[in-house]
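>
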Amino acid sequence: MRSATISDSWRALAALQMRVAASLILRETRATFGTSHLGYLWAIITPVASIVLLTVIFTYAARHPPFGTSLALFFATGIIMLQLVLRLAESLMTAVEANRALLAYPPIKRTDVLFARAILIVLTYLVIAGVIYGGLIALGMATPPAHLEDVLFAFVAASLLGTGMGLINAMLLNRWDSWRRIAPILTKPLFFISGVFFVPDYLPPQIIEWLQWNPVLHAIEWTREGYYPGYESQVLDKTFLLLTSLILVFIGLAAERLTRRNGGL
Amino acid sequence: MIELHAVSKAYFAKGIRKQVFDGLTFTFPANRNVALLGPNGAGKSTLLRLISGAESPDTGRIVRRASLSWPLGFSGGFNGSMTGIENIRFVARTYGADSDEVVDHVAEFSELGTSLRLPVKTYSTGMRSRLAFSMSLAINFDYYLIDEILGVGDASFRKKSNVALREKLPHSRLIMASHSMSHVRELCDCGLLLSPDGIWFFDNVEDLINAYARLH
Amino acid sequence: MSIATGEEAKPKLVPLPGTVGGVLLTGRTPASRLRPRHRILFASFVICVLLPAFLSAVYYVAFASDRYVAGAGFAIRSTEATGTDMIGAITGLSTAHSTTSDAYILLKYLGSRDIVERLSQDFPLQEHYSSEEADWLMRLDEGSSIENLVNYWNRRIHANYNSASGIVTFEVEAFDPVAAERLASLVLAYCRDMVNHLSGEARRDAVAFSAAEVERAEGRLKTVLEAIRQFRETEQSLDPAGSARIRLELVGGLERQLADLRARISALQASLDKDAPSLRSLTRQAEALEQQIARERAGMTAHTADAAGSATLSNQLAVYETLEVERSFAQQYYASALSSLETARINADRHQRYLAVYSAPVVPEQAAYPRRVLNILLLAAGLTLVWAIGALIGYAVRDHLR
């Protein structure tokens, strides 16, 4: 009888999950920039602007692209991936807290809120990446990617990585409120050690030995290997990146399940 | 049909564990409106949240074969930075109701007027309750879970909401926590008493009220 | 226990399980009971993890053919001793040397179509990889296109470059030990050819400019010498400066004689009669001398050319001197070009690169691949991870029922 219930309601359950996800995603788009007329466009404009600004600064500071002919493209391939990971990690951390009021509605679970935000951020960054690469191509500062599938796979891997980090952050924040302040400190150095503005292969091996444990570096290397026709990374280890991401997602989801009973919800 | 199977629930607060339910097994009688009575802190709101699914039991299972509203209370699940309309649309979408219809219905019933276009954080408690109540009435549920929300607002709204609730009764059931004996008499025909000595079921509303009165 | 249902009439106090010990009976459903969802979970684990892991184990144990590996390690060295400088040591940029780029070229070459095509000529590459020795999963399709063969080759060769030590290592997989050794030896030989080719090319490039310079200098010198030769031919004079000197000496001698004569004439005039025969003869001699001197002088400087059309001596001299200067310049230029060619040669020799092999291919005794246990465990671990995440998400969805 119970099994019948479960299988009967499977379709209804899937429909409910879809509804919940859709309404949460829509809500997220409103809540972040609710009062503005441009609405969610800001969520795309702001990162694009900050990436463009960083690129301009970097262009004037460095002059010579570490690889290829376009400094902007080199920087963009790095910074988009990094921002995607950081945004997921930081934004998922506060997702539960920001939507706590909505958890009063029974169909909405903690995981829904987390997934909805993750999906929205990934989609947003897909658009952001499209806008930036498209802009660079239109301005003649880049050519279309050589292996689009690799760029996309790297994007998926980075999304998983960021989601894993974000889930764990959310669980840690649930436990220790001061994690809110610790997490950004821990992720700050990623800007410098993820290969955003250098080619890891050109670094001395003693440094690479340490840097290669940074999964974001691999995501960026993968992107560049996909974007540039001749970029061959000696550092890139796709298995390491995917395995790390999956392990982080698993730890995050498992922690979510295990911390649930503590009345925090 | 709502069944509780060996439901246990405990809370931790500052290292102190408080066991609210321990192995509660209960089947809500079909086609009856159930009142939940008990002193503050006995677990009425927790029970409603457990029934609704807003919270999961530590152990045990809850089987629901009906559509249930969220527990309608003062605290209600509103996102303060979203406007009333946005909150309504969100809830309508989540429950798979037509959001335009629900918005129209709520706008008419709640009499909140242009306030609906303001963020909910600017609302008074009364306005929030009106919004919550109107919203739940605008969506059809088999069970309405009511957590002391009746009796809010001015006399005319109170009257109006009583009438609206009664109109629902031929098709829907109530599970209602309340301190107002008149509401209980008026709407319920059986009930649970959550007392320090345990949880008691009364098949008759008058007996329930008497037992509740004896608690003090 | 049983609180329940509306059938029981009357105010009935139903104690909660736990409050009254004896009535607890059905209070708790055993939590450990196997539920349908547990069965689904277990089934999904079997399908997603156990079954693939089992199939892979069957494949690896029963079917997978051994792959033998032979490889080599070498460094690309330059004859020039390269000392690592301070900055190089810190940044690691010292390795951004020509040998580094050579190493990267070699890495590319190892996976290129060129090497596959060259290998196919010296070794039955396609036949070996699509032979019966290979199991069906690892086998190359018979009659594959060259592109497929190149792709397949890239999976059978593992090359690596360590920029710190400058060492290139590669491994070639084959389905029998001898073939592995043969392939690795061939690949190593090709690598050597490639480095020699690159080095020779660089040497040629470096020397080519200097050689061209020498050629130009040679040409210029030749032109000048030829001009001098022609000049001598037309002027019938080997050395106009010499003939001028001879003429001048001649004129000088004549003038000395004339001066002698004049001295004797004036001495005799004092003692002799004007018409004395000796004086007359002296005077005639002097006149003859004067005429000869005048002729000689005219021959040296006069602008009036004689019938042969050959230039006067001074003209000849001017042309000749120009040629002479040109020749000396050309000679110097030639000498310096020669010496710079020599320097370039020496430099190029010093930069010449060669393969320093420290480990040559040997016939393997044991198969290196497949790593059966490791692969099975890795696959099982990866699948378990994916399955666990899937299950957790499934549970998160299912929670909407709770």
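Protein chains in written order, with my numbering: chain A, 975 to 1239; chain B, 2 to 217; chain C, 469 to 870.
Glycine is no exception: its CB is placed at the ideal position from the N, C-alpha and C atoms.
What is the DSSP secondary structure of C:Thr563, counted as helix, strand or coil?
Its pLDDT being 42, under 50, C:Thr563 is placed unreliably in this model, and the value from its coordinates should be taken loosely. The answer is helix: DSSP assigns C:Thr563 an H, G or I state.
> Below 8 Å on the Cβ atoms is my contact criterion, and I expect A:Val1059 with A:Val1070 to pass it. Report the Cβ-Cβ distance as a whole number of Å.
Incorrect: roughly 20 Å between the Cβ atoms, too far for contact.
> Kindly list, in the order they appear in chain B, the residues whose Cβ is closer than 7 Å to that of A:Ala1144.
Those do not exist, as A:Ala1144 stays about 18 Å from chain B at its closest Cβ, beyond 7 Å.
> At least one CB of chain A closer than 8 Å to the CB of C:Asp582: is that the case?
No, because no Cβ of chain A sits closer than 8 Å to the Cβ of C:Asp582.
> Could you spell out where the beta strand (DSSP E) holding B:Leu193 opens and where it closes?
Looking at the DSSP string, the run of the beta strand (DSSP E) that includes B:Leu193 is Cys191 to Ser196.
> Can you tell me which residues form a DSSP beta bridge with B:Lys19?
B:Lys19 pairs with B:Tyr12.
> So which residues of chain A does C:Ile861 contact, with C-beta pairs closer than 9 Å?
Here the neighbours are Thr1085, Phe1089 and Leu1227.
> Use the C-beta contact count for B:Tyr2: other C-beta atoms within 10 angstroms, 16 or more gives buried, fewer gives exposed.
It is worth fixing the name first, because residue 2 of chain B is Met in this sequence and not Tyr. Burial call: exposed.
> With a cut-off of 8 Å, does the C-beta of C:Tyr629 fall near any C-beta of chain A?
Chain A, which has a Cβ nearer than 8 Å to the Cβ of C:Tyr629, makes this yes.
> Where do the ends of the alpha helix (DSSP H) carrying A:Thr1213 lie?
A:Thr1213 -> alpha helix (DSSP H) spans Lys1212 to Leu1232.
> Contact defined as beta carbons within less than 8 Å: I believe C:Glu758 pairs with C:Leu706. What is the distance between those atoms, to the nearest angstrom?
The pair is not a contact, with the Cβ atoms about 31 Å apart (cut-off 8 Å).
> Let me make sure I understand the geometry here. Which of A:Ile1019, A:Leu1216 and A:Ala1090 has the alpha-carbon closest to that of A:Ala1072?
Taking only the C-alpha atoms, the option nearest A:Ala1072 is A:Ala1090.
> Would you list, in sequence order, the uninterrupted alpha helix (DSSP H) runs of no fewer than 4 residues that lie entirely inside the stretch 1089 to 1172 of chain A?
Runs found: 1122 to 1149, 1153 to 1161 and 1164 to 1167.
> Under a three-way DSSP split, which group does B:Phe202 fall into?
Three-state DSSP puts B:Phe202 in a strand.
> Name the chain B residues whose beta carbon is nearer than 7 Å to that of A:Leu1076?
Going along chain B in sequence order, the residues near A:Leu1076 (Cβ under 7 Å) are Gly78 and Asn80.
> For C:Gln704, does the count of other Cβ atoms within 10 angstroms reach 16, so buried, or fall short, so exposed?
The residue in question, C:Gln704, is exposed, as its Cβ has fewer than 16 Cβ neighbours within 10 Å.
> Starting from the beta carbon of A:Arg1001, find every residue of chain B whose beta carbon is closer than 8 Å, and list them in chain order.
Within 8 Å Cβ-Cβ: Asn80, Met83, Glu87 and Phe91.
> Distance, Cα to Cα, B:Ser68 vs A:Gly1108?
For B:Ser68 and A:Gly1108, the distance between alpha carbons rounds to 48 Å.
> For A:Trp1196, count neighbouring Cβ atoms within 10 angstroms of its own Cβ and tell me buried if that reaches 16, exposed if not.
So A:Trp1196 ends up on the buried side.
> I'd like to know whether the C-beta of C:Arg866 is nearer than 8 Å to at least one C-beta of chain A.
It does; some Cβ of chain A falls within 8 Å.
> At least one CB of chain A closer than 8 Å to the CB of B:Lys67: is that the case?
Reading the sequence as shown, one finds Ala at residue 67 of chain B and not Lys. Not closer than 8 Å to any Cβ of chain A, the Cβ of B:Ala67 fails to qualify, so no.
> Give the residues of chain B in contact with A:Tyr1079, contact being defined as C-beta atoms less than 9 Å apart.
Here the neighbours are Ser53, Ala55, Trp71, Gly78, Phe91, Val92, Thr95 and Tyr96.
> Taking 8 Å as the limit between beta carbons, can you name the residues of its chain near B:Gly54, skipping five residues before and five after?
Answer for B:Gly54: Ile63, Arg65 and Leu69, listed in chain order.
> So, at 6 Å on beta carbons, what are the nonlocal neighbours of C:Ala642 in its own chain, with the 5 sequence-adjacent residues on each side left out?
The answer, listed in chain order, is Tyr536, Ala648 and Leu651.
> Exposed or buried, which one is C:Gln594 when buried takes at least 16 other CB atoms within 10 Å?
Under this definition C:Gln594 is a buried residue.
> Considering only C-alpha positions, which residue in the set B:Asn141, B:Glu87 and B:Ser135 is nearest to B:Pro120?
If we check each option's Cα against that of B:Pro120, B:Glu87 comes out closest.
> Between the C-alpha atoms of A:Leu1027 and B:Thr115, what's the straight-line distance to the nearest angstrom?
Their backbone Cα atoms lie some 41 Å apart in a straight line.
> Do B:Thr95 and A:Pro1081 have their C-beta atoms closer together than 8 Å?
Yes, the Cβ-Cβ distance between B:Thr95 and A:Pro1081 is below 8 Å.
> My assumption, with CB atoms under 8 Å, is that B:Pro58 sits in contact with B:Val8. Please give the rounded CB distance.
Sure, about 4 Å apart at Cβ, within 8 Å.
> Where does C:Phe638 fall in DSSP's three states?
In this structure, C:Phe638 counts as strand in the three-state DSSP scheme.
> Does C:Ala848 come within less than 8 Å of chain A when only Cβ atoms are used?
For C:Ala848, the answer is no, since every Cβ of chain A falls outside 8 Å of its Cβ.
> What residue ranges within the stretch 123 to 175 of chain B form continuous beta strand (DSSP E) runs of no fewer than 3 residues, ordered along the chain?
With a minimum length of 3 residues, the continuous beta strand (DSSP E) runs that stay inside the stretch 123 to 175 of chain B are 144 to 148.
> Among the residues of its own chain, which have a CB less than 6 Å from the CB of A:Arg993, if the five just before and after it don't count?
Once the five neighbours on either side are set aside, A:Arg993 has no close Cβ partner at all.
> Determine whether the Cβ of C:Val854 lies closer than 8 Å to any Cβ atom of chain A.
It does: the Cβ of C:Val854 has a partner Cβ on chain A nearer than 8 Å.
> A:Ser1024 to A:Ala1017, Cα distance in whole Å?
Answer to the nearest angstrom: the Cα atoms are 11 Å apart.
> Would A:Leu1062 pass as a contact of A:Ser1133 if the rule is Cβ separation under 8 Å?
Yes.
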